[in-house]
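Enquirer:
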């Protein structure tokens, strides 16, 4: 007997809802495939992955199979998710296709606070739309042109016209009886669209990090976030940190080109993805604000960063630059204004400016410090009176890279760890453990320090392990020459393999947290202040929201301050970009902030080396 | 005994003058080759081609050999040309290398009068070069960037910088100890080159015709023409005349793209060719001026010309537009300013404006008429008081296209014809006859009219041929349904095949000359004037120089005026472009000329049809 199966379009897909008919007992995966619907099944429909999962919308949800429970975890199973390869069609059902879980997890990382909740923002993106009726030329003797008729209708000059506007002009003017919508940015005419598209006004905030790239789509009138996507920076295959990426491109135009096309290619994927998710046509995106460190900024623009990597680390340019999507081959409206926020120095980029802007650091009298945690971390310290900034080259360890069993904060990553007489873990999505991400690493080290498994120099205490409680003791091992802590054994928490923390992993985290902590301490030192003088310490960054403040203080990622003074501010760099997207006043102010920031070159400071070495150690407790 | 041979650089080659020493009796070709000078010898030095020809500058010119006479013809021999493979070194000589004849023939078509000889031109291209020493950043604590150091040195703002300038800036500033040459155009910074390149300042004048495209390279300071190249417009495969080309692109973006990439591809070939010939690096070309009819203008820019081909034939834009080479993917300096002259109407383009500008039609009180002969011919009539213009869609017949044995004015084309009791021809380069070009066609028809072979309606008088002299009579034949005049039989004048004029060829010329003549007459008619009122009638166009004025008057290509009033002005459209290239004042004036020109729409005029039909006939004599 045949039963109906209705498959809803994924909100990210916009394909039309389809209703199929399939024999009872068919798996939903097979029914979909037979009906020509492309449901991904990475493992071939054997219940070994999550790619075919669907969510029940109508009909009886079948009890979960073992595979459902293992792959999807309790939370998703409770929410009505099942693997399409596991459940069979017994009655009419309506299900929804879902995006891959790991991508979803990525997007949580990207989402940040809303611009609408930021103090003092006046919505004024600079992008304006005007619906106008244009009389097309209709008399051979009247000397005119399509463009002149348009310009006369809106009172503008030929010099205002973006060149690509001309390409489709004759059609736009004639398709709807001369009714067109003209989009402007200042005096510049960005687009002429047939008919009335006045409500369609969107923009993108792009945060290009060394490791992660976050693109957020906003409705420009309201500032509402419509979609956000985060991906690994695809340049990473050419080098995980900035210096190795600069070395790759140094005096090598072909490699430089590779880095630029990689990142522009990803931005175009992002544009397509966020627009599809939000049901927005890319041609309705008229403004883009880009932030990133100096090297990423240069690479997006195709500017040679060779000398950013050589003393005195001078950027090629620092001013706020506006170009067009057309120039960068971005697939928004061709004349969309792509605004790069200004730069402070070779290693204090537009991202630091965006963080300072978003956190209003220059607005009050309180002494505040923003720590943007990332592969190329940056620290900004100060108040209305003075702003100081430095770079904190943490490397990618806190983003889970260059760690034996490290991973990004995606599905299956160990993101929370507690240590008592044993090690207890939590994974993102409660999924089977795949590895350990930054916040998990910080928790783990904090717990191991408290338990005495690691001493303040970072050494794993293999020789003193007999003093540890039994379960914990068994996790501390010496394998060959390598000291290890076994975090999970195969099968624990669904782990398909042993997950360990090595002595070298500890060293990587020490380098990373040492860089960040010494950055904060150095800025305080230069300003003649101490940690106690801080009124607020803000943790920013894509994963700032996931770090335990107690753990961060325990390992000395941040200097010793009262936990009450520490605040999460999320992805403040992206938020700063969003502010400049929805408000030209904010974008103008960003230039003032950039000018106000004094760059402190740590490496050149005589006291830095000792402070960095001290910061590498863990606090004694 | 060794004798000195001095070989002068071709003015189109700019290679250094070389003096060699070779044994007496050596052919000049062998002496040159032994001395490492690359003289082309297509036939291998056997006197069978003209590629190795040289011109004697100093020393006794040897008597011509038979090969000299056959290959070079009387004119060139008289001018001191010889084949290098034929003459031997007997005394110290100075000779000049010459470009290949067939290229020369093309280039004669392209080459026009020099801008330096045009009245009232002040050289001021707008392109300026400044050599400056820039201090690169050298202190980590000093907050600056490469660009800021540059801008401080020359007193400019970031907004002045062309985006591609940034790409190579760090290298340019450091390669020569900070000595760079900055190229500007108005406030815009076009290029920053390492070292001192102040003398390298070049520009291109481009005349994009429906059938022919002419590109001329000029030194901007002096206005000297360094090289010129002419090619068939490669769009012609998609339609010979404007209307068929518009039809091809109409509402078809893929075909539009094809037309645009074809012409831009050719322009890039031209850029490479003229730069190579003149020994100029393409990156030293900073300004380009483009003229062309409205459709060609739109197609170069990628603008949809669909409505240029539909009543009321409105152009999409008419203003003088400046874009960059980068935008058009032209391989000059990326920021080179590409200036399109303004347009008057859908069929009176920037080429007509350039012709009016170059001929100074708006300057005096004399009534003058410029006839730009081309596939899409244009006629401008007037004086300081008033300027009228119309299009004269002649079709490609006068450029040798769509004629049975027609060809362009290249090597081997019959360019001169006289008819007495027989038909006598001359070919370009005195080479073996390959076909007949426009000037030959006009001569031929004039002669055949005088001889009574063709009557005023254009009919080839096959039935009355017995009244003709014997030799002429035998050339007038009826083959099947087709009336023909045999111009050359196989073997005559080296022709490899029979070359004939068909009845249809005559009709094509009638349509072409009717369009041009009726254009002139109509403008006079609209102005309330008669041909006798004309003070001057100027023939312009790539092949204007080759038309016999007597023949042109005889066939009625131009209205009946005193031959003394008719003047050749060469490729005035290209000259107008060159004027705007070397002088910004001329470019500004072009906009005034465009505004001053009144467009007369012929087809919409009630008297046009009768005037056109009359103009199709040949004058009765």
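Residue numbers (this note's numbering), protein chains in the order written: chain A, 1 to 621; chain B, 1 to 621. For glycine and all other residues, C-beta sits at the position ideal for the given N, C-alpha and C. Just so it is clear, the structure is predicted and the values come from calculations on it, not from any experiment.
1) Residue 296/A touches chain B at which residues, Cβ-Cβ below 7 Å?
2) Are the C-beta atoms of residue 599/A and some chain B residue less than 8 Å apart?
3) Under a CB-based cut-off of 8 Å, is residue 304/A close to chain B?
4) Against chain B, which members of the region 112-146 of chain A pass a CB distance test of less than 9 Å?
5) For residue 483/B, is the classification buried or exposed, using 16 other Cβ atoms within 10 angstroms of its Cβ as the cut-off for buried?
6) What whole-angstrom Cβ distance do residue 179/A and residue 131/A have, given they're in contact under 8 Å?
7) Does the Cβ of residue 377/B have 16 or more other Cβ atoms within 10 Å, making it buried, or fewer, making it exposed?
8) Can you give the beta carbon distance from residue 238/B to residue 245/B, rounded, assuming they're within the 8 Å contact cut?
9) Tell me the DSSP bridge mates of residue 339/B?
10) For chain A, check one thing: does any of its Cβ atoms lie closer than 8 Å to the Cβ of residue 323/B?
11) Near residue 333/B, what residues of its chain come up, given a Cβ to Cβ distance below 8 Å and the 5 sequence neighbours on each side ignored?
12) Since residue 377/A is in the beta strand (DSSP E), which residue starts that stretch and which ends it?
13) Fully enclosed by the region 550-619 of chain A, which alpha helix (DSSP H) runs are 4 residues long or longer?
14) So, is the C-beta of residue 354/B closer than 8 Å to a C-beta in chain A?
15) Going by the beta-carbon positions, is the gap between residue 280/A and residue 328/A smaller than 8 Å?
16) Taking CB distances under 8 Å as the criterion, tell me whether residue 396/B reaches chain A.
17) Within this structure, are the beta carbons of residue 87/B and residue 52/B separated by less than 8 Å?
18) Which stretch, first to last residue, makes up the beta strand (DSSP E) that contains residue 418/B?
19) Can you find the residues in the same chain that come closer than 7 Å, C-beta to C-beta, to residue 262/B, ignoring five residues on each side of it along the sequence?
20) Straight-line CA distance for residue 3/B to residue 114/B?
21) I need the boundaries of the alpha helix (DSSP H) containing residue 226/A, first residue and last residue.
22) Under a three-way DSSP split, which group does residue 52/A fall into?
23) Give me the chain A residues within the contact set of residue 171/B, using Cβ-Cβ distance strictly less than 9 Å, ordered along the chain.
24) Return the CA-CA distance between residue 582/B and residue 474/B, expressed in angstroms with no decimal places.
25) Roughly how many angstroms separate the alpha carbons of residue 14/B and residue 308/A, rounded to a whole number?
26) In the region 599-617 of chain B, which residues sit with their C-beta less than 9 Å from some C-beta in chain A, listed in chain order?
27) Pull up the distance between the alpha-carbon of residue 575/B and that of residue 358/B, whole angstroms please.
28) Going by DSSP, which residues form a beta bridge with residue 371/A?
29) Check the Cβ-Cβ distances between residue 301/A and every residue of chain B, and say whether any is below 8 Å.
30) Check each residue of the region 377-390 of chain A: if its Cβ is closer than 7 Å to any Cβ of chain B, include it; give the result in chain order.
31) Suppose contacts are defined by Cβ-Cβ distances below 8 Å. Is residue 472/A in contact with residue 422/A by that definition?
32) Going along the region 316-340 of chain B in order, which residues come within less than 7 Å of chain A, judged by CB to CB distance?
33) Are the C-beta atoms of residue 544/A and some chain B residue less than 8 Å apart?
34) What is the residue span of the alpha helix (DSSP H) that residue 496/B lies within?
35) Buried or exposed for residue 510/A, going by 16 or more other Cβ atoms inside 10 Å?
Expert: Working from what's here:
1) At a C-beta separation below 7 Å, residue 296/A has no neighbours in chain B, since its nearest C-beta there lies roughly 15 Å away.
2) It does: the Cβ of residue 599/A has a partner Cβ on chain B nearer than 8 Å.
3) Under the Cβ distance rule, residue 304/A counts among the residues neighbouring chain B, one pair being separated by less than 8 Å.
4) Identification of residues in the region 112-146 of chain A having a C-beta nearer than 9 Å to some C-beta of chain B yields 136, 137, 138, 139, 140, 141, 142, 143, 144, 145, 146, given in sequence order.
5) Residue 483/B is classed as buried because its beta carbon has at least 16 other beta carbons within 10 Å across all chains shown.
6) A Cβ-Cβ separation of about 7 Å places residue 179/A in contact with residue 131/A under the 8 Å criterion.
7) Residue 377/B should be labelled buried.
8) Sure, about 6 Å apart at Cβ, within 8 Å.
9) Checking the DSSP bridge columns, you'll see residue 339/B partnered with 289/B, 322/B.
10) Judged by the 8 Å Cβ criterion, residue 323/B is in contact with chain A.
11) 183, 190, 191, 282, 283, 284, 285, 286, 325.
12) Where residue 377/A is concerned, the enclosing beta strand (DSSP E) starts and stops at 377-382.
13) Taking only runs of at least 4 residues, the alpha helix (DSSP H) segments lying wholly in the region 550-619 of chain A are 572-582, 584-596, 608-616.
14) With its beta carbon at least 8 Å from every one in chain A, residue 354/B lies outside the interface.
15) In terms of Cβ geometry, residue 280/A and residue 328/A do not form a close pair [threshold 8 Å].
16) Residue 396/B has a beta carbon lying at 8 Å or more from every beta carbon in chain A.
17) With contacts defined as CB atoms closer than 8 Å, residue 87/B and residue 52/B fail to qualify as a contacting pair.
18) Going by DSSP, residue 418/B is part of the beta strand (DSSP E) stretching over 413-419.
19) Excluding residues within five positions, the ones whose Cβ falls inside 7 Å are 234, 235.
20) Rounded to the nearest whole angstrom, the CA to CA distance from residue 3/B to residue 114/B is 38 Å.
21) In the DSSP annotation of this structure, residue 226/A is not part of any alpha helix (DSSP H); the continuous beta strand (DSSP E) holding it starts and ends at 225-232.
22) Three-state result, residue 52/A: coil.
23) Here the neighbours are 251, 304, 306, 307.
24) Each residue's Cα considered, the two are about 55 Å apart.
25) Because the pLDDT at residue 14/B is just 44, under 50, the model does not fix this residue reliably, and the point stays unresolved.
26) Under the 9 Å Cβ criterion, the region 599-617 of chain B contributes 599, 600, 601, 603, 604.
27) Roughly 6 Å between the two C-alpha positions.
28) Its beta-bridge partners are 379/A, 539/A.
29) It does; some Cβ of chain B falls within 8 Å.
30) Those residues of the region 377-390 of chain A that come within reach of chain B (Cβ to Cβ, closer than 7 Å) do not exist; the list is empty.
31) Contact flag set, yes.
32) Hits within the stretch, in order: 316, 317, 318, 319, 323, 327.
33) Annotation note: pLDDT 45 at residue 544/A (below 50); position unreliable, coordinate value reported separately. Judged by the 8 Å Cβ criterion, residue 544/A is not in contact with chain B.
34) That residue, residue 496/B, is in no alpha helix (DSSP H); it is neither H nor E in DSSP.
35) Classification for residue 510/A: buried.
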